[in-house]
Structure formats: C-alpha cells, structure tokens
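Participant: In the UniProt record's numbering, the protein residues as written are 1 to 278.
Right, I'll just put the structure down here and ask away after.
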Amino acid sequence: MNPGDEQSYPDYGDSTGHTRTRLPENDPYGGAPRRTPRRASCRSLVTVVGVVVLLIAAIAFANRGDHSSTNDSTTKGSQPQTSTTAPSGTRPVETKTGTIPSGFARTEQGAQSAAANYAVALGSADMFNIATRHEIVNTVYAPDVAPVRQSAMDNAYSSAKFLSNIGLTEDGTAPKGQTFISRVIPVGTKVTASGADTATVEVWYTSLFGLSGDASTNPVTESWFTTTYQLTWADNDWKIRDFQQKDGPVPVGRDQKASTAEDMTKAVQEYGGFTYAR
Numbered sequence: 001m002n003p004g005d006e007q008s009y010p011d012y013g014d015s016t017g018h019t020r021t022r023l024p025e026n027d028p029y030g031g032a033p034r035r036t037p038r039r040a041s042c043r044s045l046v047t048v049v050g051v052v053v054l055l056i057a058a059i060a061f062a063n064r065g066d067h068s069s070t071n072d073s074t075t076k077g078s079q080p081q082t083s084t085t086a087p088s089g090t091r092p093v094e095t096k097t098g099t100i101p102s103g104f105a106r107t108e109q110g111a112q113s114a115a116a117n118y119a120v121a122l123g124s125a126d127m128f129n130i131a132t133r134h135e136i137v138n139t140v141y142a143p144d145v146a147p148v149r150q151s152a153m154d155n156a157y158s159s160a161k162f163l164s165n166i167g168l169t170e171d172g173t174a175p176k177g178q179t180f181i182s183r184v185i186p187v188g189t190k191v192t193a194s195g196a197d198t199a200t201v202e203v204w205y206t207s208l209f210g211l212s213g214d215a216s217t218n219p220v221t222e223s224w225f226t227t228t229y230q231l232t233w234a235d236n237d238w239k240i241r242d243f244q245q246k247d248g249p250v251p252v253g254r255d256q257k258a259s260t261a262e263d264m265t266k267a268v269q270e271y272g273g274f275t276y277a278r
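Here it is, written out as structure tokens:
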C-alpha cells in the first residue's frame, strides 16, 4: 500500500505540442471583385429567403406534431432524453458529513455522484493531515473496510521517505514560502456494473499535484487517471469497498506557457473546488 493508490504522483516530462492550420489570407477562390447586384436581383433574393424560412418553420411544426401524436409513452411537458455523457439536471445532494457531500440516491446516478465526490476527497491535500484523513476515510469507506484502510494510509502518509520525496516536511506540511497543491477534478463517470446494493463506477479525472513557490523542486504538474470504485450500499449511502487505478485517457498537450509559481499559488488560494453530481 502506498498513497499512490489514492492518487498517483506524476513524473515530470515535456508536454506535446499541436499542429496549427493557417487559413489563406487572400480570397480562397481567387476571383475578381464581384459586380454589385441589381435592385431586381436583391428583391428576388429576399423573396427566396423568405420562402425558405417559411418552409423550415412549417417542417419543424409538422415534425413536432407528428412526434407528439405517435409517441404515446411521452407525457406533456416531459424533458428530452439526455445522452449518457450529458449532465442529468438532477439537483446535487444538500447534506454533508463533515466537508464531504453525503446522502446520495440509491440509483446509478447516485453511485456516480458519490464516486466523483469521493475521488475529490481522497485526492485532496487534506489526506496529508491525520485528523482530516481519518474523517475522509471513515466517511467514504464501508464501515468494515474503513479501519483497515485507515491503518494502511496512516503508515503510508506518515512515511518520512515518502513525504521527503514529494517535498513535504515530516509533519506533512509544505516548506516555508511554498504552497502544497493536491486536487482531483473529475471529467466524467461511468457505471460498468450495478445491483440492488452494489455498483462499479469508473471516474475519469485530471489531477494537480506539487509545490508552488520559487524554491520548489517539485513544481505543480497535471496528470490523468481513471479510478474504478466498487461501491456498496451501507448506512443509507454509497460507500467504497475497493478500487483500482490506471493512467489515462490522456489528451494531447497544448503548447501553453506554464504559469509562474506566484500565479499558481494565487490561483489555488483564490479558486475553490467544486461539488460534483451526475
């Protein structure tokens, strides 16, 4: 067991550039300037456009009428069906256990929302403080799993070698003049299996990790991972029983200039994180 089970810590490498396409500056058709159309031509064009607009409106109205008359299973005022990758529009939970959202619905959507929120908590800088780490573990893990996970994480997160490797002091804090950054930002979720009391949810996310500051030897970098959570229904909420993590999918990097340590520190201090709901 090592802290990388919750969030891997990236190697530092170069980002990949992208190809730019430059549009032609001159007329792509190479033609000479067109003559000014006569007034009669303008009137004809307006007439044609008007007819086309009326036809489009008539077709749209007819299609709407056909849809409502043939689809007997759809009630009036119902919303269009969203795709599997679009936000559902369901309100997020309004309750919390400590700082972590809780009370998720006993549905596939509720399981996805729980997994995304738990990924954010487990990938946060709070995992490096023993008190907040215990709070997180006891909140997101199933009651019979939490004690085992807590003991293993305490051993890993208090390792002097591990803390030194990532640039933190022995008490898990950033050196003077530096800011420790550890954030998970979910991009999407997917249910791969579900039952009455269980759900397997994949969370695809990007993470920021490192130390910002002029003297930092571990600058803040971005990484991409997918974590698969095995969830169970316990204590009237979704809880984690187990998980597996893998790299990617990783998008192609852009040739953007990296921000200064000062700008990165300011951004982290001024921009708060989000609560996620499917």
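For glycine and all other residues, C-beta sits at the position ideal for the given N, C-alpha and C.
Tell me the rounded alpha-carbon separation between residue 158 and residue 93.
Facilitator: Locating residue 158 in the sequence shown gives position 158, counting from the first residue. Locating residue 93 in the sequence shown gives position 93, counting from the first residue. So the two alpha carbons sit approximately 33 Å from each other.
Participant: Just curious, the alpha helix (DSSP H) that residue 150 is in, first and last residue?
Facilitator: As a position in the sequence shown, residue 150 is number 150, starting the count at 1. Note, residue 150: alpha helix (DSSP H), 146–157.
Participant: Buried or exposed for residue 59, please, with buried defined as at least 16 other CB atoms from any protein chain shown within 10 angstroms of its CB.
Facilitator: One-based indexing of the sequence shown puts residue 59 at position 59. Legend: pLDDT at residue 59 = 45, less than 50; position of this residue unreliable, no value from coordinates given.
Participant: Thinking C-beta only, is residue 182 closer than 7 Å to residue 265?
Facilitator: Position 265 of the sequence shown, counted from the start, is the residue given in the question as residue 265. Position 182 of the sequence shown, counted from the start, is the residue given in the question as residue 182. No; because the gap between Cβ atoms is not below 7 Å, this pair is not in contact.
Participant: Based on the DSSP secondary-structure assignment, which residues constitute the bridge partners of residue 245?
Facilitator: Indexing the sequence shown from 1 puts residue 245 at position 245. Paired residue(s): 227.
Participant: Cα-Cα, which of 231, 198, 97 and 260 is closest to residue 214?
Facilitator: For this step, residue 214 is matched to residue 214 along the sequence shown. Checking every option, the nearest Cα to that of residue 214 belongs to 260.
Participant: Do residue 200 and residue 245 count as a contact pair if the criterion is CB distance below 7 Å?
Facilitator: By 1-based counting over the sequence shown, the position of residue 245 is 245. By 1-based counting over the sequence shown, the position of residue 200 is 200. No, the pair does not count as a contact, with Cβ atoms beyond the cut-off.
Participant: Taking the C-alpha atoms as reference points, what is the distance between residue 270 and residue 263?
Facilitator: Translated into the one-based positions of the sequence shown, residue 270 becomes position 270. Translated into the one-based positions of the sequence shown, residue 263 becomes position 263. Answer to the nearest angstrom: the Cα atoms are 10 Å apart.
Participant: What does a CB cutoff of less than 7 Å around residue 339 pick up in its chain, not counting 5 residues either side in sequence?
Facilitator: Nothing can be reported for residue 339: it is not among the residues displayed for the chain, which extend from 1 to 278.
Participant: Quick check on DSSP: helix, strand or coil for residue 113?
Facilitator: Along the sequence shown, read from residue 1 onward, the residue named residue 113 stands at position 113. Residue state, collapsed to three classes: helix.
Participant: Measuring CA to CA, which of 95, 111 and 98 is closest to residue 197?
Facilitator: Within the sequence shown, the letter at position 197 stands for residue 197. Checked all of 95, 111 and 98; the closest Cα to residue 197 is 111.
Participant: Start and end of the beta strand (DSSP E) containing residue 190?
Facilitator: For the purposes of this step, residue 190 is identified with residue 190 of the sequence shown, where counting begins at 1. It spans 179–194 - the beta strand (DSSP E) in which residue 190 sits, taken as one unbroken run.
Participant: Taking 7 Å as the cut-off, decide whether the C-beta atoms of residue 233 and residue 104 are in contact.
Facilitator: Position 233 of the sequence shown, counting from 1, holds the residue named residue 233. Position 104 of the sequence shown, counting from 1, holds the residue named residue 104. No; because the gap between Cβ atoms is not below 7 Å, this pair is not in contact.
Participant: Between 219, 184 and 218, which lies nearest to residue 206 when the distance is taken from Cα to Cα?
Facilitator: Within the sequence shown, residue 206 is the residue found at index 206, counting from 1. Ranking 219, 184 and 218 by Cα distance to residue 206 puts 184 first.
Participant: Anyone know if the C-beta pair for residue 132 and residue 97 falls short of 7 Å?
Facilitator: As a first step, residue 132 is located in the sequence shown; it is residue number 132 there, counting from the start. As a first step, residue 97 is located in the sequence shown; it is residue number 97 there, counting from the start. No, they are not a contact pair.
Participant: Cα separation between residue 170 and residue 195?
Facilitator: For the purposes of this step, residue 170 is identified with residue 170 of the sequence shown, where counting begins at 1. For the purposes of this step, residue 195 is identified with residue 195 of the sequence shown, where counting begins at 1. In a straight line, the C-alpha of residue 170 is about 44 Å away from that of residue 195.
Participant: By DSSP, does residue 136 sit in helix, in strand, or in coil?
Facilitator: To locate residue 136, count along the sequence shown from 1; it is residue 136. Looking at residue 136 - three-state DSSP - the assignment turns out to be helix.
Participant: Can you give me the start and stop residues for the alpha helix (DSSP H) that residue 262 sits inside?
Facilitator: Taking the first residue of the sequence shown as 1, we reach residue 262 at position 262. Note, residue 262: alpha helix (DSSP H), 261–270.
Participant: Note the first and the last residue of the continuous alpha helix (DSSP H) segment covering residue 164.
Facilitator: Here residue 164 is taken as the residue at index 164 of the sequence shown, counted from 1. 160–165 is the extent of the alpha helix (DSSP H) around residue 164.
Participant: Hey, quick one: how far does the beta strand (DSSP E) through residue 101 stretch, first residue to last?
Facilitator: Taking the sequence shown and counting its residues from 1, one reaches residue 101 at position 101. Element bounds for residue 101: 100–102.
Participant: Count the other CB atoms, across all protein chains shown, that sit within 10 Å of the CB of residue 236; report buried if there are 16 or more and exposed otherwise.
Facilitator: Locating residue 236 in the sequence shown gives position 236, where the first residue counts as 1. With fewer than 16 Cβ atoms within 10 Å of its Cβ, residue 236 is classed as exposed.
Participant: Using the C-alpha atoms, what's the distance from residue 155 back to residue 284?
Facilitator: Within the shown structure, residues of the chain are numbered from 1 to 278, placing residue 284 beyond reach of any answer.
Participant: Once DSSP output is grouped into helix, strand and coil, what is the label at residue 220?
Facilitator: As a working note, residue 220 is residue 220 in the sequence shown. Residue 220: coil per DSSP, three-state reduction.
Participant: Start and end of the beta strand (DSSP E) containing residue 124?
Facilitator: Mapped onto the sequence shown, residue 124 falls at position 124. Segment: none, residue 124 is in no beta strand (DSSP E) and carries neither H nor E.
Participant: Would you tell me roughly how many angstroms separate the C-alpha atoms of residue 247 and residue 226, rounded to the nearest one?
Facilitator: Locating residue 247 in the sequence shown gives position 247, where the first residue counts as 1. Locating residue 226 in the sequence shown gives position 226, where the first residue counts as 1. The straight-line gap from Cα to Cα measures roughly 6 Å.
Participant: What is the rounded straight-line gap between the Cα of residue 137 and the Cα of residue 258?
Facilitator: Along the sequence shown, one-based indexing puts residue 137 at 137. Along the sequence shown, one-based indexing puts residue 258 at 258. In a straight line, the C-alpha of residue 137 is about 34 Å away from that of residue 258.
Participant: Excluding sequence positions up to five away, which residues of its chain have a Cβ less than 6 Å from the Cβ of residue 224?
Facilitator: Reading the sequence shown from its first residue, position 224 is the one you call residue 224. Taken in chain order, the residues that qualify are 206, 248 and 250.
Participant: Note down, in chain order, each residue of its chain lying with its Cβ closer than 6 Å to the Cβ of residue 216, except the 5 sequence neighbours on either side.
Facilitator: Working through the sequence shown from its first residue, we reach residue 216 at position 216. Contacts found: 178.
Participant: Would residue 180 and residue 125 qualify as a contact pair, given that the criterion is a beta-carbon distance under 7 Å?
Facilitator: What you label residue 180 is simply residue 180 of the sequence shown in a count that begins at 1. What you label residue 125 is simply residue 125 of the sequence shown in a count that begins at 1. Yes, they are a contact pair.
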